[in-house]
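Residue numbers (my numbering), protein chains in the order written: chain A, 1157 to 1331; chain B, 1359 to 1618. Beta carbons are placed, not taken as given, at the ideal position from N, Cα and C, and that holds for glycine. What follows is one structure encoded as structure tokens, with my remarks underneath.
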Amino acid sequence: MESRQLERFEAVVLPHLDAAYTLARYLTRNAHDAEDIVQDACLRAIRHFDSFAGDGPTSARAWLLAIVRNAAHSAQRRHRPEHGATEFDERTHSDAVADAHPETDVLRAAAKESLGRALEGLPPDYREVIVLRELQGLSYKEISDVAGVPVGTVMSRLSRARTRLQQALRDEESR
Amino acid sequence: MTHATVESELDAYLDGELAADEVRAVEAHLAECAACGRFRDERLELRAAIGARMPVFRAPDALRTRVIVAAESSGPLRLAARPVPVGRRRVALALAASLTVVAVGTWQLARADAAAETLTTAVLGSHVRSLMPGHLTDVLSSDQHTVKPWFNGRLDYSPPVYDFAERGYPLVGGRLDYVDGRAVAALVYGRRQHLINVFLWPAASGPSGGRSIGTRQGYHLLHWAAGDYVYWAVSDLGIPELEDFASLLRHADSASNAPN
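Below, the structure is given as structure tokens:
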């Protein structure tokens, strides 16, 4: 990368690395895969940085998150094409993985309560709109750019996802 | 209007995605519909619960470093894939250099071949990486008699370490780094709020060349060979100060080598 391009990349894209990693963490549900996904996504971002206008309708954050999202989805398709993504995954939930990645403890602690479990159990299409909206504060338009679906679809997914999470909260309270 | 449409509409309202007239319509409805009021309250509870319980993650430093290094090295990789006629490039660079000499002062070209280019990139990458949190020093000490012995058993040479605190360049510490396919000593010196990384390794191991000065991504790189070592000094300091620092190092080296 030429130094001017490199400076622009570091100024425009790198500030969103935490957001990229957070999205990847929730999509892959484990720290190790999330790192791989983000690294893979950043390599793509570097390769295609020339094509990112910057002043266009898509924000740098949405642009990077879209690449992360696509990387995560294609990795998921590669790894377990025959399983639904919502199934309980022994590998990502086992204690051994948590020990190797201490950070996983945070997610595990969260997953012990029903809200975390409910979020992990949502279909990926629902989980990503929740993460993008609730944790990262993207606008509907940005989410629609990231997920590659119309704004109307973003709205209906968000509504359904929230209703399911609310159900989990209610279950928790009634226990 | 279906039930789901109403919920979406309320969600859009709570997400601040509605236009002013739509907002007024929703608020008028909320004022008189108890069911929708409950729906709104539950949504707000959910939002609070997610905010309180679902973590946002920080990308690991190692990941950040790998991304920066990948971005930095994507240029030379492209260069390697599409060899530039070196002769023409040298002429162009030499011409550019001769034109900028007046403006910049000193702009001496290193060997313009790919090896020097790769080495420059590697040194710069190590410098940038060292500035990330927790990467600067393995041994944090302003005492040269602590830093120098620290390298014993870690390198097959004992790098000269000085403290120029009285000249305004205090020793900050040292660390092991990896440049040009070998473990090297990196010494860190300070200058006001700036940091200088000095990389050095035995001269025999590579093309030492003469002296050179370069600027990359706002950092200045000074390269020279003195005594038994090849030196690279990298900093965001201005070139005059970096030159000043380098001459301190060279003088200290020749003073300490003199008795031998």
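- Message: Quick check: is the beta carbon of B:I1597 nearer than 8 Å to any beta carbon in chain A?
- Response: no
- Query: Can you give the beta carbon distance from A:L1271 to A:L1321, rounded, assuming they're within the 8 Å contact cut?
  - Reply: 6 Å
- Message: How far does the beta strand (DSSP E) with B:T1573 in it extend, from its first residue to its last?
- Response: S1570 to R1574
- Between the CA atoms of B:H1552 and A:A1254 - distance to the nearest angstrom: Confidence at A:A1254 is low in this model, with a pLDDT of 41, below 50, so the placement of that residue is unreliable and no value is reported for it.
- Query: When DSSP builds the beta bridges, which residues end up paired with B:H1552?
  - Reply: Looking at the DSSP assignment, B:H1552 forms a beta bridge with B:R1549.
- DSSP state of B:S1500 mapped onto helix, strand, coil: Coil, per DSSP.
- Message: Using the Cβ count rule (16 or more neighbours within 10 Å means buried), how would you classify B:P1507?
- Response: exposed
- Between A:A1303 and A:R1203, is the Cβ-Cβ spacing less than 8 Å? Contact: no.
- Between which two residues does the alpha helix (DSSP H) carrying B:H1387 extend? A1378 to E1390
- Query: Which residues in chain B sit within 8 Å of A:D1174, going by Cβ to Cβ distance?
  - Reply: Ordered by position in chain B, the residues that pass the 8 Å Cβ test against A:D1174 are V1414, F1415, R1416 and A1417.
- Per-residue DSSP class, three states only, for B:A1417: coil
- Below 8 Å between beta carbons: does that hold for A:L1294 and A:A1218? yes
- Task: Assign A:D1327 to buried or exposed, taking buried as 16 or more other Cβ atoms, counted over all protein chains shown, within 10 Å of its Cβ.
- Result: Under the 10 Å beta carbon count, A:D1327 is surrounded by fewer than 16 other beta carbons and is classified as exposed.
- Item | Member of B:Y1520, B:V1414 and B:G1374 whose CA lies at the smallest distance from the CA of B:L1402 | B:G1374
- Quick one: list the residues of chain B neighbouring A:R1318, beta-carbon separation under 8 Å, in chain order. D1369, R1401 and L1404
- For the candidate residues B:R1416, B:Y1587, B:G1492 and B:G1483, whose alpha-carbon lies nearest to that of B:Y1536? B:G1483
- Can you say whether B:N1510 is buried or exposed, counting buried as having 16 or more other CB atoms within 10 angstroms of its CB? Of the residues assessed, B:N1510 falls on the exposed side of the cut-off, its CB having fewer than 16 other CB atoms within 10 angstroms.
- Identify the continuous beta strand (DSSP E) that holds B:D1535 and give its terminal residues. Segment L1529 to V1537, the beta strand (DSSP E) holding B:D1535.
- Query: Based on the DSSP secondary-structure assignment, which residues constitute the bridge partners of B:L1579?
  - Reply: B:G1572 and B:V1592
- Message: With H, G and I counted as helix, E and B as strand and the rest as coil, what does DSSP make of B:Y1520?
- Response: Residue state, collapsed to three classes: coil.
- Item | Per DSSP, the bridge partner or partners of B:R1540 | B:V1537
- Task: Using a Cβ-Cβ cut-off of less than 7 Å, give me the residues of the segment 1181-1198 of chain A that come near chain B, in sequence order.
- Result: R1181, E1191, V1194, Q1195 and C1198
- Query: What are the residues that DSSP puts in a beta bridge with B:F1557?
  - Reply: Beta-bridge pairing links B:F1557 to B:A1544 and B:W1590.
- Can you list, in chain order, the residues of the segment 1364-1398 of chain B whose Cβ is nearer than 9 Å to any Cβ on chain A? E1365, S1366, E1367, L1368, D1369, A1370, D1373, G1374 and E1375
- Looking only at C-alpha atoms, which of B:A1541, B:V1592 and B:R1382 sits nearest to B:T1478? B:V1592
- Query: For B:L1607, does the three-state DSSP call read helix, strand or coil?
  - Reply: In the structure shown, B:L1607 sits in a helix (DSSP, three-state: H, G or I).
- Query: Are the C-beta of B:A1429 and some C-beta of chain A separated by less than 8 Å?
  - Reply: For B:A1429, the answer is yes, since a Cβ of chain A falls inside 8 Å of its Cβ.
- Per-residue contacts from A:R1289 into chain B (C-beta, under 8 Å): D1373
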